[in-house]
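Accompanying notes for the structure given below.
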Amino acid sequence: AQEKGWRLLEAKDVNERTSMRYSIYWTDRSVTRTRIRRLEEHQMANHFPGMLSLSSKAQLATNLGKMKEAFPEDFAFSPKTWVLPDDYGAFIREIRQSKTSPSESYFIVKPERGCQGKNIFLTRTADEKVIKDAFWNLGDVLVAQPYIHNPFLLGGLKFDLRLYVMVSCCDPLRVYLHRDGLARFCTEPYVDAEELNKGWTYTHLTNYSLNKSNEQGYEEASDPSDPTQGSKRSVRVLLSHLEALGYDTASLWARLMDLTAKTAIAVQPLLAYYHRLCRPKDKFGDRCFEILGLDVLLDTDLNPWLLEVNHSPSFHCECPVDKTVKGPLLRDSLQLLER
254 AQEKGWRLLE
264 AKDVNERTSM
274 RYSIYWTDRS
284 VTRTRIRRLE
294 EHQMANHFPG
304 MLSLSSKAQL
314 ATNLGKMKEA
324 FPEDFAFSPK
334 TWVLPDDYGA
344 FIREIRQSKT
354 SPSESYFIVK
364 PERGCQGKNI
374 FLTRTADEKV
384 IKDAFWNLGD
394 VLVAQPYIHN
404 PFLLGGLKFD
414 LRLYVMVSCC
424 DPLRVYLHRD
434 GLARFCTEPY
444 VDAEELNKGW
454 TYTHLTNYSL
464 NKSNEQGYEE
474 ASDPSDPTQG
484 SKRSVRVLLS
494 HLEALGYDTA
504 SLWARLMDLT
514 AKTAIAVQPL
524 LAYYHRLCRP
534 KDKFGDRCFE
544 ILGLDVLLDT
554 DLNPWLLEVN
564 HSPSFHCECP
574 VDKTVKGPLL
584 RDSLQLLER
């Protein structure tokens, strides 16, 4: 923003005199409907009302689950998901009916409001104390999914992709997938879930905030152009490396674009409804925009699996690869808003 000559106004500096002058209202929190209603014609907010339909783990599961039921092949990228305790009965039946090998019968359970890899666990039973406690703790919602047992590995390490997606309009829907992102690596060599030990989190969870605390395995890349170095790498550089190894990265990127578009399509009617509720006189649903962080896991066949959607991905730059990816991301996003 400063490169474009824009001036940053802190919340404490906004008053009746200056409130009409700002162009973009930027916050890491959700934006209230009142805020959206009060936006002037030259103003925008960096969140859509109703985006919890994607960024909430439970709502994402519900919305993608409905689409997968209607279009199973088109939404195959969405893992089967149970929202607990509501789906507890179905979850138990799935566990009892599972006839796969032991290494394939694990389930990963996450707290609905959790972040940064906290309080996630793997289980082969529905009798975990945390699951039972969800029945009695008001608002304690868990999300359970089959654990993807065959992740694509590089150097023996599991990793996921943080893709950055810009939604610039909800009615009609306009979505852009940035050409770069972050590949976030585990910091301990991958082993089957059957061989879990006390350090399993560094082996199976790809969350950067978690793995950077592993003093033994965390590696900071000094050269962002090196695809073999670092616990956090550029997606663009990584894909070039995979292509050099003989993988069909063009087909993979096409599947990632398809996943991105269909994820947004799944909630487009909800976004358009809430936008029109706040701005009934607007011709288009472009009073807001949103930069989303999609977390995607690749399996051994390079099939992408959508894990979750973040409505306020971090733009902090802790290492050189962050600057390589996030600087152009923000410049491109602001450029789109000026069109």
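Every letter in the sequence shown is one number past the one before it in my numbering, and letter 60, counting from 1, is 313. Glycine included, each C-beta is placed from N, C-alpha and C at the ideal position. As the structure is a computational prediction, the values presented were derived from the model and not from experiment.
For Leu-582, the secondary structure class from DSSP, reduced to helix, strand or coil, is helix. Judged by DSSP in its simplified three-state form, His-431 adopts strand. In the displayed model, Ile-518 falls within a helix according to three-state DSSP. Restricting attention to beta strand (DSSP E) runs no shorter than 3 residues, the region 525-568 encloses them at 543-551 and 557-563, ordered along the chain.
DSSP, reduced to helix, strand and coil, places Thr-280 outside both helices and strands of the structure shown, so it counts as coil. For Leu-313, no beta strand (DSSP E) run applies; the uninterrupted alpha helix (DSSP H) run containing it begins and ends at 310-323, by DSSP.
Here Ser-466 is exposed. Its C-beta has fewer than 16 other C-beta atoms within 10 Å. Rounded to whole angstroms, the gap between the alpha carbons of Asp-445 and His-402 is 7 Å. In this structure, the straight-line span from the alpha carbon of Val-420 to that of Pro-522 is close to 14 Å.
In the three-state reduction of the DSSP assignment, Met-297 falls in the strand class. Distance from the Cα of Asp-585 is smallest, within the candidate group Leu-430, Asp-535 and Gly-538, for Leu-430.
In terms of Cα proximity to Asp-386, the closest of Pro-399, Pro-364 and Leu-555 is Pro-364. Note on the region 436-478: there is no whole beta strand (DSSP E) run with a minimum of 3 residues.
For Val-394, the three-state secondary structure derived from DSSP is coil.
The alpha carbon of Ser-306 has as its nearest neighbour, out of Pro-442, Ser-276, Asp-413 and His-564, the alpha carbon of His-564. C-alpha of Cys-572 to C-alpha of Arg-346: approximately 45 Å in a straight line.
Rounded to whole angstroms, Ser-276 and Gly-318 show a C-alpha spacing of 37 Å.
The DSSP-derived three-state label of Trp-259 is coil. Look at Arg-288 here: in three-state DSSP terms it is helix. For Lys-485, the enclosing beta strand (DSSP E) begins and ends at 485-487. In this chain, Lys-363 is not harboured by any alpha helix (DSSP H); it is covered by the beta strand (DSSP E) spanning 360-364. Taking Asp-539 as reference, the option from Asp-476, Ile-373, Tyr-527 and Glu-326 with the minimal CA-CA separation is Tyr-527.
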